[in-house]
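So the mapping is simple: the working numbering equals the position in the sequence shown, first residue as 1, plus 6.
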Amino acid sequence: MLSDDIAAAMGGSIDRAGVARLLRAEGTGREQLYAAARGVRDRMFGKKVFTYGFVYFSTHCKNNCSFCYYRRSNTGLERYRKTTEEIVQLAANLKDAGINMADLTMGEDPQMYANGFDGLLKIISAVRDEVGIPIMASPGAMPKGMFPRLREAGADWFACYQETYDRELFSRMRLEQSFEDRMNQKIWSMDAGLLAEDGMMVGLGETAESRADTILTMGNLGCQQIRAMTFVPQTGTPMETVTPMNSDNELNAIAVMRLLFPDRLIPASLDVEGIAGLRTRLDAGANVITSIVPPDKNLAGVAQHELDIGNGNRSVEHVLGLLDDMGYRPGTDAEFRSFMDSWRRSCRA
Ligand code: SF4
Numbered sequence: 007m008l009s010d011d012i013a014a015a016m017g018g019s020i021d022r023a024g025v026a027r028l029l030r031a032e033g034t035g036r037e038q039l040y041a042a043a044r045g046v047r048d049r050m051f052g053k054k055v056f057t058y059g060f061v062y063f064s065t066h067c068k069n070n071c072s073f074c075y076y077r078r079s080n081t082g083l084e085r086y087r088k089t090t091e092e093i094v095q096l097a098a099n100l101k102d103a104g105i106n107m108a109d110l111t112m113g114e115d116p117q118m119y120a121n122g123f124d125g126l127l128k129i130i131s132a133v134r135d136e137v138g139i140p141i142m143a144s145p146g147a148m149p150k151g152m153f154p155r156l157r158e159a160g161a162d163w164f165a166c167y168q169e170t171y172d173r174e175l176f177s178r179m180r181l182e183q184s185f186e187d188r189m190n191q192k193i194w195s196m197d198a199g200l201l202a203e204d205g206m207m208v209g210l211g212e213t214a215e216s217r218a219d220t221i222l223t224m225g226n227l228g229c230q231q232i233r234a235m236t237f238v239p240q241t242g243t244p245m246e247t248v249t250p251m252n253s254d255n256e257l258n259a260i261a262v263m264r265l266l267f268p269d270r271l272i273p274a275s276l277d278v279e280g281i282a283g284l285r286t287r288l289d290a291g292a293n294v295i296t297s298i299v300p301p302d303k304n305l306a307g308v309a310q311h312e313l314d315i316g317n318g319n320r321s322v323e324h325v326l327g328l329l330d331d332m333g334y335r336p337g338t339d340a341e342f343r344s345f346m347d348s349w350r351r352s353c354r355a
């Protein structure tokens, strides 16, 4: 009975097979699962939803991930690198609009990695000193010794998605990259006093059992934010002809993460289905909106590099208006900082 699995997940007594059954839920079982996840989310967080702005400031990358539009082998696209002044201005606009955090994201850009990551550290310090908005750094994999320096520069969070904890699948997705090194990014960041985000990709050909392993590992590592996003095939990549799946498995993953790890932040990303997918993700138990992107700034998304950006549908005003219509409210700056402080007190550092 799925209701037994839901109860076991909420009681902390579910095993891998039970998690996989929940991840395969369909029909009325799926509705039961989402209702339980919403109930848990509402008990833990009420109707407040935190909001993050996405500043993808460099689309240059030395890596060659099979699924990624910005992989180095995709030579037919225009790449950009924003200046520090532009990044500071974008972050200031987000803060003025009441957004809780600026997610400063880049590919593994050799120019930012040069001279001990000097370019990256200067950007983070500038946003901290000139704007003062909480900062998530998403710069790719870094050496262990860099994490204290990232924290000193002003980063509050470090995001690094494993995508899968299936080693064989990882080796086919994140080509030429170390599984252990990427897993350690989360541990090293928390050891340095940062909060950590991990993420999984859904629709890479993995089984429900594989997704169960990934969810359990992400949560048990202690990451304060965990996410799932559906794979979207990208032109110019080896996976461009893969048949895309709908978001059902992602929504089930969001609900299962909420039941297993009730106190974590779980994003509803606008990067997969744009604004059309916001309600379904919140209804499955998400409590953060990520990938809010201002229009007219020539900024890209990741999974969908153009979707809903140019038309302003991912703008702050549009997203906050929709939240209100759906019966949620944006979390305040004080609430977000309080959440971060409470986690830091319980962190390893
Ligand atoms: S997923 Fe990240 S590391 Fe991999 S190719 Fe894309 S930008 Fe680079």
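For each residue, glycine too, the CB sits at the ideal point set by N, CA and C. Predicted, not measured: the structure shown is a model, and the values here were computed from it.
Cβ-heavy atom distance, residue i to the ligand SF4, below 7 Å
i	result
Tyr76	yes
Cys71	yes
Gly242	no
Gly283	no
Cys229	no
Glu114	yes
Gly146	yes
Cys166	no
Three-state class that DSSP yields for residue i in the structure shown
i	result
Gly138	coil
Met332	coil
Arg180	coil
Ser72	coil
Phe60	strand
Leu276	coil
Leu271	strand
Ala355	Its pLDDT being 44, under 50, Ala355 is placed unreliably in this model, and the value from its coordinates should be taken loosely. Note: Ala355 maps to coil in three-state DSSP.
Arg87	strand
Gln231	strand
Gly7	One point to set straight first is that residue 7 is Met, not Gly, in the sequence displayed. Met7: coil per DSSP, three-state reduction.
Ala31	coil
Lys150	coil
Met21	Here residue 21 turns out to be Asp, not Met, going by the sequence shown. Coil.
Thr220	helix
Val248	coil
Gly43	With the sequence shown as reference, residue 43 is identified as Ala, and Gly is not the correct amino acid for it. Three-state DSSP puts Ala43 in a helix.
Ala13	helix
Ile105	coil
Residues bridged to residue i [DSSP beta-bridge criterion]
i	result
Ala202	Phe164
Glu215	Partner(s): none; Glu215 has no beta bridge.
Thr236	Val208
Thr111	Tyr62, Ser144
Val55	Pro336
Thr296	Ser275
Glu169	Met206
C-alpha distance - residue i paired with residue j, whole-angstrom precision
i	j	result
Leu227	Glu215	18 Å
Arg173	Phe185	7 Å
Gly18	Leu266	7 Å
Gly242	Thr249	15 Å
Ala259	Asp102	33 Å
Thr338	Glu32	35 Å
Tyr62	Ala340	25 Å
Arg44	Ala165	25 Å
Leu39	Val46	11 Å
Gly52	Arg335	9 Å
Asn80	Pro145	19 Å
Ser64	Val55	28 Å
Glu91	Pro273	28 Å
Leu181	Ser321	34 Å
Arg6	Ser275	Absent from the structure is residue 6, since the part of the chain shown begins at 7 and ends at 355.
beta-carbon residue i near the ligand GDP non-hydrogen atom, thresh 7 Å
i	result
Gly333	This structure lacks the ligand GDP; the ligands present are the ligand SF4.
Below-8 Å beta-carbon distance, residue i vs any chain C residue
i	result
Val133	This model lacks chain C altogether, as it is built from one protein chain only.
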